[in-house]
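Novice: Mind having a look at this structure? Questions to follow.
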Amino acid sequence: MSLVDVASLSPRQIESVLDRAAEMRELGRTTQYAGRTVVPMFFEPSTRTRMSFDLAATNLGAQLLAFDHKTSSATKGETLRDTARTVGAMGPDLLIVRHVSAGAPEAVQKWSGKPVLNAGDGRRAHPTQTLSDLLVIRDRFGDFSGVHVGLVGDIVNSRVARGLLSSFPRLGGRVTAIGPSTFVPRAGGWQMSSTSDFDSIIGELDVVYLLRVQKERGGGLGYP
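Position one of the sequence shown corresponds to residue 31 (the working numbering), numbered consecutively onward.
Next up, the structure:
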């Protein structure tokens, strides 16, 4: 099974994943996935996400197969499609994909024929980060009902913000986007309120989620 975004998960599925994560957190190291091969395919810089996946795979007993796009044939012009086909032909059990282009994880899944975890694609999604954040919030409050989260900063360019916007209201929580108009997305299909006045809303918030300016995705252009 692949995971490319939280929007494709029902509230019940999200809760099930969080329950499983909480259980596995208590296990520590295990050999549950001994004999399985995991390939982290990161085409975009990462510290926390990359190391957390490496540690998770190791703690589960899986073998990590090194892939560095800077020393791969991609530097010689090999397409993502051909890279995915090549890696898939080697028979890994799971690919973890981070890419600057939205939709790349689904493409890699199609071309490789292997399950894919999306570790962040462009401005679109970062599902495992969203699930981690949801688990922390649930740990603190017990459930999501009535919990008010304030997203502060460059929301429009943040894939993490999009993940919370697409999941938290469906779980019973409330989201307010806080920032200048250039950083706050139009309501559209999002269930959210918005304001540019942080001081007026801070007293109502249970969680403050600070987002940096996403300069690599054009966020600096909207800085007031």
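From the three backbone atoms N, C-alpha and C, an ideal C-beta is built for every residue, glycine too.
For a quick check, are the C-beta atoms of ALA132 and ASP151 less than 8 Å apart?
Specialist: yes
Novice: Taking the CB atoms as reference points, tell me whether SER142 and GLY118 lie closer together than 8 Å.
Specialist: yes
Novice: Which one or two residues does DSSP pair with ILE208 in a beta bridge?
Specialist: Answer by DSSP bridge pairing, in chain order: VAL182 and THR225.
Novice: Output needed for TYR190: all residues of its chain with C-beta closer than 6 Å, excluding positions within five of it in sequence on either side, in chain order.
Specialist: Sequence check: residue 190 is Val here, not Tyr. Closer than 6 Å at Cβ, skipping near neighbours: HIS156 and GLN159.
Novice: Kindly indicate which three-state DSSP category VAL214 falls into: helix, strand or coil?
Specialist: coil
Novice: Counting only the same chain and skipping the five closest in sequence on each side, list residues whose C-beta sits under 8 Å from that of SER76.
Specialist: ARG128, ALA149 and GLY150
Novice: What are the boundary residues of the alpha helix (DSSP H) that THR116 is part of?
Specialist: Element bounds for THR116: 110 to 119.
Novice: Going by alpha carbons, who is nearest to PHE171 out of LEU48, MET120, GLN43 and ASP236?
Specialist: ASP236
Novice: Short check: CB of LEU195 to CB of VAL205, under 8 Å?
Specialist: Contact flag set, yes.
Novice: Going by beta-carbon coordinates alone, are VAL47 and LEU124 separated by less than 8 Å?
Specialist: no
Novice: Excluding sequence positions up to five away, which residues of its chain have a Cβ less than 6 Å from the Cβ of VAL146?
Specialist: SER32, LEU125, VAL127, PRO135, VAL138 and GLN139
Novice: Can you name, in chain order, every residue of its own chain whose Cβ lies under 6 Å from the Cβ of SER175, other than the five neighbours on each side?
Specialist: GLY202
Novice: Check whether the stretch 89 to 106 touches the stretch 65 to 79, counting contact only when three or more Cβ pairs, one atom from each stretch, lie closer than 8 Å.
Specialist: Yes: the two stretches touch, three or more of their Cβ pairs being nearer than 8 Å.
Novice: Can you give the Cα-Cα distance for THR109 and PHE97, rounded to whole angstroms?
Specialist: 15 Å
Novice: Can you give me the C-alpha to C-alpha distance between VAL238 and ASN89, rounded to a whole angstrom?
Specialist: 31 Å
Novice: With which residues is TYR239 paired in a DSSP beta bridge?
Specialist: Answer by DSSP bridge pairing, in chain order: LEU181.
Novice: If you reduce the DSSP assignment to three classes, tell me which class ARG128 lands in.
Specialist: If DSSP states are grouped into helix, strand and coil, ARG128 belongs with the strands.
Novice: Taking the CB atoms as reference points, tell me whether SER197 and VAL36 lie closer together than 8 Å.
Specialist: At the C-beta level, SER197 and VAL36 come within 8 Å of one another.
Novice: Cα separation between THR61 and THR79?
Specialist: In this structure, the straight-line span from the alpha carbon of THR61 to that of THR79 is close to 22 Å.
Novice: Starting from PHE171 and walking both ways along the alpha helix (DSSP H), at which residues does that stretch end?
Specialist: 157 to 171
Novice: Pick helix, strand or coil for ALA149, following the three-state DSSP scheme.
Specialist: strand
Novice: Let's see if you can read the secondary structure: which residues bound the beta strand (DSSP E) around THR67?
Specialist: 67 to 72
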